[in-house]
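The structure under discussion appears below in the form of structure tokens.
Residue numbers (the numbering used here): 1 to 1083.
Encoded structure:
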């Protein structure tokens, strides 16, 4: 090698000014991309799920199931791509969920579903089905909780003020829309803004109505008569035409009071004489909000939404300013206050603070490690190149339309430890060559030329290891697909930068060296031409003597020489070689036998998101007033926690939901406060008296990551709805069993208990004798019980419905009341009880189906520290030994069962990745043996992973899987470079010496020298990767399994690379050459 030939890799050094111009361009584009790229908490993911919701008010689950749900299921089950259909029929509502296979165009599927549903003939008085796609798309900015003292602001007043605010602020300050009712959803999906439309209720006294011999229909007719505008026509007066009309629409409740409903000119009865009037928001429920040591505030929630694509930070800031200004300038709002909840901008800012802190800590640790092992300027160069790879990633993500979200942010943190490995290899390689006496320019070019092939192969193996994540099925798979995209961009950017701009940076920033270090072992492997070139490069430099070396160089040289000596002895000893190969494998097998059962498995680990959801349920049929008395106890328990940020209680029907939001997890840790799991346990203990009072209390922390089902469970199935009673009995047996298993909580059955139903049946003979039909009775009966619409009265912002109903039947009704209802028919007035008899029968609160079969799921959440693998096998054993009645069967439930396809695909993907990695290595080395050696070292790294997970208490999980993929990339990369160096050394020996003159010892020296040359780079990359991932492992329990997988696996993998690979290479490859006679046996 007399001169370095010009080419692509020398261009960046020769034209370093162009390189620096490109560097600044990358910075500009990267910064611009960071500014403009959308920032979200969660990515916009289309799940391939479509929901169909149909309202049929007042109808029982059995009729909903037969009249609506079954028809919809039968119509859509043959649509292409349908993988699963689940449904729930409850009182007044049919809900069908359709899941599609991967790869199906959801937009086309949505059209097919709509067409199929539109073709059905459903009951005429049922609402039209609402068909919509389920996705994570969310333009929420924040929930503004408008609250004030209960004695001054009732719910109606607060909601009225919220409506006023909504209409005044929408369209201002980037506020696209405001939903009243908060971020919760109604039964049909979408926002609950329907709660903002109040109803004008006309509550008619039944006794007065009967005395006047009137019906609700006649009252409605009177209201409609007085509540209409009448056009009189268009007439000409003079030369102009004018419209003539009668303005008769009502404008206020007081107008209703004066409507004449009965009487003649002498005696008239006004509506106000027989009815009372009130405004009420339907389904509003009872609400209360509070904070630490402050309770009992009435509130209304307003969800502020932005336009798609708007910057969440600027719009959120502006929207809050507009909101605060409005409150301060409007007199009616002066006593009210606002508390923000589910603040997306705040959440994202915290995410980026954590990302920035992790990145800074990583860069500092990497800087220190490289400084200690390589040098100050080299650490500066590395610290410049790593952020550049991130800038390129930001630009790529922005171009392909992917936002910055918790998954891309995590991927960036993950690639810190992998990308730095690629960069360090070049910088450390150039530094080592410079120490030998090469100039900066020559050193970095030689490093790039020598290491480019193994680096490209190493990066390719890492990329193909992540590649299968793009194709994983299900909701979790769609979430995980964002990880490889980000990893690809970052690693390719790091590789390109390492092979291009790194050369220019090293050339201009690395210190000039006037001294060099001799390395006899390395120099022996050089050809005469290469030795001459090295001597030429050393001209004007002096050799550094041992007494002139600094402490760092002395320590590193001692480590290097010590490894060289140990490896040499180790390679020559057959027993040591065989033990090095066999013992790690035996220990790996033992770790799976003895440690893995204790490690356990969960799909995603728990993490402290600071949100607790509590659901408190009374027996079906319990009214809201009966539950209201428990609110003070709930509030006193929750408000006593200093960790509390805000809570709010909502009572609807027979259940109470409580949302508890704690202060930021890092802030709580800094203040010495408890984590979310400790608070959860104490809240549950504080609500124990509610359980004693017969209420069912379920409490759960909000999880990070993609949505998954309950951790453990079982699905009970029956072919016919006739078996549902038996199915419920079996479900109760399974529930009782799960309640008794240690570590379970919130054990639930999908079919709720119901106190029963009153079933009325017609006496058809009496109907026929009287000349009546069932419709003559049922129409009037429903009108008496549910009321009738009598038009609307326009308010400032909306038209409010007038609903006329019997006052005595508004809140409750008895079977006797129904029997005594008088209905006006064409045959005169009739008593309901004369034509209907009733009986009390068992009832269902809901009917669930899975792919057409009646289904009841028994599920359980788990206490913190309990894994699904601790409980699910016990439940499976119970099911296997259970004596199921005829017609009833079971299938496994829980998150592992629900995601069985995902887990199977992940395992399959792992083997596909191994095959692709092996193929790349075969292409790199033109050998089967050497790739097998590399993969053996990767598999042995699992020994360190198992020990690490067991020692830190982290289970196997999807994050462990991602960590092992990342680990594979780093270990393979180091192994590739080592074997490449061994091959180069042995090839040089073969080219520098005549055939037959070399003996085994010469090859052993080449092998050991290769190990020595890779010792420092492997130590540096191991330490930088370990310290790069350590902050992630320590700060976030959700990603701890991933972090410790990489940390412990890399330590073990590096040891395998340094000792097992040389032993295997000698045992397999050199021994083969000896057998083939290519190497002389004598030593």
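Virtual Cβ for every residue (Gly too), placed ideally from N, Cα, C.
Treat the numbers as computed from the prediction; the structure is a model and nothing was measured.
One question on the structure: do residue 1044 and residue 961 come within less than 9 Å of each other, judged by their Cβ atoms? Contact check for residue 1044 against residue 961 fails: the beta carbons are separated by 9 Å or more.
Neighbour-count burial assignment, residue 434, 16 or more Cβ in a 10 Å radius: It is buried - the Cβ of residue 434 has at least 16 other Cβ atoms within 10 Å.
Whole angstroms are fine: how far does the CA of residue 774 sit from the CA of residue 894? Per the coordinates, the alpha-carbon of residue 894 lies some 47 Å from the alpha-carbon of residue 774.
Helix or strand or just coil, what does DSSP make of residue 531? Helix, per DSSP.
Does residue 991 get closer than 9 Å to chain C when you measure Cβ to Cβ? Judged by its chain identifiers, the structure shown contains no chain C, having just a single protein chain.
Buried or exposed: which applies to residue 201, given that a residue is buried once 16 or more other Cβ atoms fall within 10 Å of its Cβ? Looking at its Cβ environment, which holds 16 or more other Cβ atoms inside 10 Å, residue 201 is buried.
Tell me whether residue 771 sits in a helix, a strand or coil according to DSSP, three-state version. Looking at residue 771 - three-state DSSP - the assignment turns out to be coil, as it is neither helix nor strand.
In whole angstroms, what is the alpha-carbon distance linking residue 860 and residue 177? Here the C-alpha atom of residue 860 lies approximately 38 Å from the C-alpha atom of residue 177.
Please classify residue 1065: is it buried, with 16 or more other beta-carbons within 10 angstroms of its beta-carbon, or exposed? With 16 or more neighbouring CB atoms inside 10 Å of its own CB, residue 1065 falls in the buried class.
For residue 242, count neighbouring Cβ atoms within 10 angstroms of its own Cβ and tell me buried if that reaches 16, exposed if not. Per the 10 Å Cβ criterion, exposed.
Can you tell me which residues form a DSSP beta bridge with residue 315? In DSSP, residue 315 forms no bridge with anything.
Only counting runs of 4 or more residues, tell me where the alpha helix (DSSP H) segments fall wholly within the segment 177-259, in order along the chain. For the segment 177-259, whole alpha helix (DSSP H) runs of length 4 or above, ordered along the chain, are 206-211, 216-226 and 253-257.
Can you tell which of 892, 229, 245 and 226 has its C-alpha closest to the C-alpha of residue 235? Residue 245 is the option with its Cα nearest to residue 235.
In this structure, how does DSSP classify residue 48 when only helix, strand and coil are distinguished? In this structure, residue 48 counts as strand in the three-state DSSP scheme.
Which of the three DSSP states is assigned to residue 6 in this structure? In the structure shown, residue 6 sits in coil (DSSP, three-state: anything other than H, G, I, E or B).
Is it right to say residue 400 is buried, meaning 16 or more other beta carbons lie within 10 angstroms of its own, or is it exposed? When all chains shown are included, residue 400 counts as exposed.
What would DSSP say about residue 674, mapped onto helix, strand or coil? The answer is coil: DSSP assigns residue 674 none of H, G, I, E or B.
Give me the Cα-Cα distance between residue 715 and residue 378, rounded to the nearest whole angstrom. Cα to Cα, the separation comes out at about 60 Å.
Grouping DSSP H, G and I as helix and E and B as strand, with all else coil, what is residue 1138? Residue 1138 lies beyond the residue range present for the chain, which begins at 1 and ends at 1083; the question has no answer from this structure.
So which of 375, 483 and 543 has the shortest CA-CA distance to residue 436? Nearest to residue 436 by alpha-carbon distance, out of 375, 483 and 543, is 543.
Classify residue 15 as buried or exposed, calling it buried when 16 or more other Cβ atoms lie within 10 Å of its own Cβ. Exposed, by the Cβ-count rule.
Report the option in 410, 863, 422 and 440 whose CA atom is closest to the CA atom of residue 1036. Of the candidates 410, 863, 422 and 440, the one whose C-alpha sits nearest the C-alpha of residue 1036 is 410.
Can we count residue 386 as close to the ligand GDP, meaning its CB is less than 8 Å from some heavy atom? For the ligand GDP, the structure offers nothing, since it holds no ligand at all.
Should residue 900 go down as buried or exposed, given a rule of 16 or more other Cβ atoms within 10 Å for buried? Under a 10 Å Cβ-count criterion, residue 900 is classified as exposed, with fewer than 16 other Cβ atoms of the shown protein chains found around its own Cβ.
Does DSSP put residue 85 in a helix, a strand or coil? Note: residue 85 maps to strand in three-state DSSP.
Spell out the partners DSSP gives residue 143 in its beta bridges. Residue 143 pairs with 303 and 341.
Cutting at 8 Å between CB atoms, please list the residues of its own chain near residue 335, excluding the five before and the five after it. Excluding the 5 residues flanking it on each side, residue 335 has same chain C-beta neighbours closer than 8 Å at 148, 149, 152 and 153, in chain order.
What does DSSP give as the partner residues of residue 613 in its beta bridges? Answer by DSSP bridge pairing, in chain order: 659 and 700.
Are there 16 or more other CB atoms within 10 angstroms of the CB of residue 551, so buried, or fewer, so exposed? Exposed.
Classification of residue 873 by the beta-carbon crowding that lies within 10 angstroms, buried from 16 upward: Residue environment analysis places residue 873 among the exposed positions, since fewer than 16 neighbouring C-beta atoms fall within 10 angstroms of its C-beta.
What three-state label does DSSP hand residue 652 in the structure shown? DSSP, read as helix, strand or coil, puts residue 652 in strand.
Identify every run of the beta strand (DSSP E) within the segment 801-872, keeping only runs that are complete inside it and at least 3 residues long; order them along the chain. DSSP runs (the beta strand (DSSP E)) wholly in the segment 801-872: 822-825, 828-831, 836-841, 846-850 and 853-862.
Might you give, ordered along the chain, the residues of its own chain that have their beta carbon closer than 8 Å to the beta carbon of residue 394, omitting 5 neighbours on each side? Result list for residue 394: 30, 33, 34, 37 and 404, in chain order.
Cα-Cα separation between residue 721 and residue 226, rounded to whole angstroms: So the two alpha carbons sit approximately 50 Å from each other.
Whole-angstrom Cβ separation of residue 985 and residue 1010, contact assumed at under 8 Å? Taking 8 Å as the upper bound for CB-CB distance, residue 985 and residue 1010 are in contact here, some 5 Å apart.
Quick one: Cα of residue 809 to Cα of residue 822, how far? Residue 822 has its alpha-carbon roughly 14 Å from the corresponding atom of residue 809.
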